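One structure is given below, encoded as structure tokens.
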């Protein structure tokens, strides 16, 4: 069924492998099929579901934006030996880096065309949708538009604190078949936040996650599940978390604090939604929740996670020159050698290579039985790829809180949830937060963007404990795909 839905959306809304300039070629037949799709609420949901499904492509959250390129550049892995397939990427080779993100560019703008098509039909076919469906679909679509642009912005945009005026990417506000001009970084940031504010407004009062949390499980009456499994959608709280992430990336700490505090208050004070994972959930043999499912604000459901993630990047049967492994001494140092830390204890397994060197094998995405022994229903953590989680919002609050003492409390809340002692009162809060990012987001693609945001000139090497990699400014910058540059040059559209 999932495959059929994806195929339908691809046929109706366009082929998802085109560059943004190729969207000029839209046939009248496609438009007729599109109009048929949006005649029912189910058609709207089919179109929206197709976008979520395609976010799992390897050029997106299936690899590049999570465990692949971004974490390789962050130097998590030991892969710089001569014959390793990821050596040139880990060495920041320009051609390799730019090739690694070209697919993200084309797929993102194809998806943005689809998102904008949905938004336009929300208005032109408003009579098809009741108030709940209208506000939910519109809110999620606006949030998706913001998320996709933000990922492109982090990749192709400048180091924001240094060059807000630099033209970087276009912002696709309509499905009109034209190539939009490149906009300054500060304008892209403004448009992203505007979309997110409008998404939050649209979801307010309609998203059931506010009053019921992220209900996991099918409708017991056998009805549709459109308002369930909200952690697998860009829900109200995920939108607030994304606003905090975007604001912090752009140096707007007061705004980041506002949304982080608002979200935390909503889920952990006014309600008890998205709780930190319990020890029992993590340590139960053969049912280890290594994803910390209850904390996922927004994730993607990948039924082929074992085959497309674990066996491709981390599987024990992979050859030495292709497996993404981690130096044991480095990881022990990152986690302060604390085996009580759930992450160190359950995300890695020791392995010995043919040369008798001991390395850590990443098992965060290893297959696991997630069937609840009481309900006999899957809990979901077997298939989830995390995109936004509660702990990140706590770390944003820790960094942006105007009261450093209160900031420590937010950081310590994450550490306590991971079975780690509180930081000392005299510990450097900034350094402690950065260290927690290293610990928390293995395989999730967030650490490299912290380095870019802060303009780090040195980062820890993944090859040997104590070694560092000198970071040139260009290591944080990516060129637009050559086909895009050529098209813009031919049509006098700038870079």
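In this note's numbering, the protein residues as written are 35 to 529. Even for Gly, the Cβ is constructed at its ideal location relative to N, Cα and C. Here the structure is a predicted model, which is why all the values come from computation and not from measurement.
Limits of the beta strand (DSSP E) - the one that residue i falls within
i           : result
residue 494 : 492-494
residue 23  : The structure shown does not extend to residue 23, since the chain is modelled only from 35 to 529, so the question has no answer here.
residue 420 : 418-423
residue 156 : Not the beta strand (DSSP E): residue 156 falls in the alpha helix (DSSP H), residues 128-158.
residue 203 : 201-203
residue 383 : 382-386
Cut-off 6 Å between Cβ atoms - residues of its own chain near residue i, not counting five sequence neighbours on either side
i           : result
residue 289 : 281
residue 223 : 284
residue 511 : none
residue 321 : 403
residue 401 : 340
residue 487 : 283
residue 242 : 261
residue 457 : 466
residue 55  : No answer about residue 55 holds up, because its pLDDT of 38 lies below 50 and its placement is not dependable.
residue 328 : 309 and 311
residue 254 : none
residue 326 : 311
Beta-carbon contacts of residue i that lie in its chain and below 8 Å, excluding the five residues immediately before and after
i           : result
residue 240 : 165, 166, 169, 170 and 173
residue 530 : Nothing can be reported for residue 530, as the shown portion of the chain is limited to 35 through 529.
residue 37  : Any reading at residue 37 must be qualified, since the residue scores a pLDDT of 30, below 50, and its modelled position is unreliable; the value itself is stated next. So no residue of the chain qualifies.
residue 208 : 150 and 154
residue 459 : 442
residue 199 : 218, 219 and 220
residue 1   : No statement about residue 1 is possible, as the shown extent of the chain runs from 35 to 529 and does not include it.
residue 130 : 122 and 123
residue 483 : 104, 188 and 283
Beta-carbon separation (whole angstroms), residue i vs residue j, contact threshold 8 Å
i           : j           : result
residue 206 : residue 148 : Contact doesn't hold; Cβ gap of about 10 Å is too wide.
residue 316 : residue 382 : Wrong, their Cβ atoms sit about 14 Å apart, outside the cutoff.
residue 233 : residue 180 : 7 Å
residue 98  : residue 419 : About 12 Å; that fails the 8 Å criterion.
residue 365 : residue 378 : 7 Å
residue 368 : residue 473 : 6 Å
residue 380 : residue 416 : Not really, about 15 Å apart at Cβ, beyond 8 Å.
residue 106 : residue 124 : 5 Å
residue 110 : residue 496 : 6 Å
residue 108 : residue 481 : 4 Å
residue 374 : residue 424 : So it is not a contact: roughly 21 Å between Cβ atoms.
residue 390 : residue 96  : With 8 Å as the limit, residue 390 and residue 96 do not qualify as a contact, their Cβ atoms being about 34 Å apart.
residue 489 : residue 193 : 5 Å
residue 244 : residue 263 : Between residue 263 and residue 244 the Cβ distance is about 15 Å, and since that is not below 8 Å, they are no contact.
Limits of the unbroken alpha helix (DSSP H) element including residue i
i           : result
residue 359 : Where residue 359 is concerned, there is no enclosing alpha helix (DSSP H), although the beta strand (DSSP E) it sits in stretches over 359-361.
residue 393 : Per DSSP, residue 393 belongs to no alpha helix (DSSP H); it is in the beta strand (DSSP E), 392-396.
residue 276 : 270-283
residue 189 : 165-190
residue 235 : 219-237
residue 516 : 516-524
residue 291 : 287-302
residue 87  : 75-88
residue 451 : 438-451
residue 243 : 243-246
residue 122 : 121-124
residue 106 : 103-107
Cβ neighbours of residue i in the same chain (closer than 7 Å, five flanking residues each side left out)
i           : result
residue 527 : 213 and 215
residue 265 : 248, 330, 331, 332 and 333
residue 75  : 162, 163 and 167
residue 427 : 275, 278, 294, 297 and 298
residue 532 : Here the chain comprises residues numbered 35 to 529, so residue 532 is not present and cannot be evaluated.
residue 236 : 169, 172, 173 and 176
residue 477 : 100, 101, 105, 396, 398 and 399
residue 346 : none
Practice task
Determine, using beta-carbon pairs with one atom in the segment 329-349 and one in the segment 428-446, whether at least three such pairs fall under 8 Å.
Solution key: For the pair of segments examined, the segment 329-349 was found not to touch the segment 428-446: the number of CB pairs separated by less than 8 Å stays below three.
Problem - Contact the segment 177-192 vs the segment 107-118: 3+ CB pairs below 8 Å - result: Result no; under three Cβ-Cβ pairs closer than 8 Å.
Practice task
Please determine if the segment 514-529 and the segment 129-140 are in contact, where contact requires at least 3 C-beta pairs separated by less than 8 Å.
Solution key: The segment 514-529 makes contact with the segment 129-140; the number of CB pairs closer than 8 Å reaches 3 or more.
Exercise for the section: Could I get the ranges of all uninterrupted beta strand (DSSP E) runs contained in the segment 306-351, with 3 residues as the minimum, in chain order? Expected result: Listed in chain order, the beta strand (DSSP E) elements of length 3 or more contained wholly in the segment 306-351 are 330-335.
Problem - Given 8 Å, three or more beta-carbon pairs between the segment 435-453 and the segment 495-504 - result: Contact between the segment 435-453 and the segment 495-504 is absent, because fewer than three Cβ pairs lie under 8 Å.
Exercise for the section: Taking 8 Å as the threshold, find out whether the segment 78-96 comes into contact with the segment 118-126 through three or more Cβ pairs. Expected result: No, because fewer than three Cβ pairs between the segment 78-96 and the segment 118-126 fall closer than 8 Å, the two stretches do not touch.
Problem - the segment 410-419 / the segment 460-471 touching (three or more Cβ pairs under 8 Å) - result: In short, these stretches do not touch, since the Cβ pair count stays below three.
Exercise for the section: Evaluate contact between the segment 448-456 and the segment 296-305, counting only Cβ atoms and requiring at least three cross-stretch pairs below 8 Å. Expected result: No, they do not touch.
Exercise for the section: Taking only runs that begin and end inside the segment 475-513, name each unbroken beta strand (DSSP E) of 3 or more residues, in chain order. Expected result: The segment 475-513 contains these whole beta strand (DSSP E) runs: 492-494 and 502-504.
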